[in-house]
Structure formats: C-alpha cells, structure tokens
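A.B. asks: In full-length UniProt numbering, the protein residues as written are 1 to 70. Yeah, the Cβ is synthetic: ideal placement off N, Cα and C, and Gly gets one too.
#1: Near residue 18, which residues of its chain fall below 7 angstroms by C-beta distance, leaving aside the five closest residues on each side in sequence?
#2: Could you tell me the boundaries of the beta strand (DSSP E) in which residue 15 lies?
#3: For the beta strand (DSSP E) that contains residue 32, what are its first and last residues?
#4: Return the CA-CA distance between residue 20 and residue 62, expressed in angstroms with no decimal places.
#5: Rounded to whole angstroms, what's the CA-CA distance from residue 11 to residue 51? Just pull it up for me.
In structure tokens, the structure reads:
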C-alpha cells in the first residue's frame with residue numbers, strides 16, 4: 001500500500017503515513033492483545049512513528065509509537 005497523507009495527532013500536522021510491516025504488526029498484536037491490526041498506519045515524520053487508524057487519529061491513550069527496527 002502506498003503512503004497516505006493523514007493528520008498526525010502528535011505532530012499536529014498532515015504527514016505521510018504508511019501501513020505497518022509484518023514485524024511491526026506482530027509487535028503491535030503482542031503489545032495490545034488485538035487479533036486484527038491491519039487498520040493501523042505509522043507516521044513517517046522523522047522521530048514520530050505514532051500509530052493511527054484510517055478514521056481514528058488517536059486510538060491509544062497514551063499514544064503508542066512503533067520502535068525503531070533493530
């Protein structure tokens with residue numbers, strides 16, 4: 001899926017967001033206990049990595065940021 005321009009709650013601006021990779025989906029499932037995490041996008045702004053869905057700008061409180069890859 002191509003990156004999409006979406007509003008980022010933590011950046012307080014429209015930023016490019018991309019779908020999660022397979023490893024990121026595994027990590028999010030383990031962290032949240034959710035079975036389905038296909039609807040999440042990650043902010044691509046430098047240093048942000050905040051998660052959102054297509055409709056919900058702030059699905060987690062406090063926000064969850066995807067860790068940097070090893």
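C.D. replies: By the coordinates alone:
#1: 3, 41, 42, 44
#2: 13-19
#3: Element bounds for residue 32: not the beta strand (DSSP E) but the alpha helix (DSSP H), 22-32.
#4: 19 angstroms
#5: 12 angstroms
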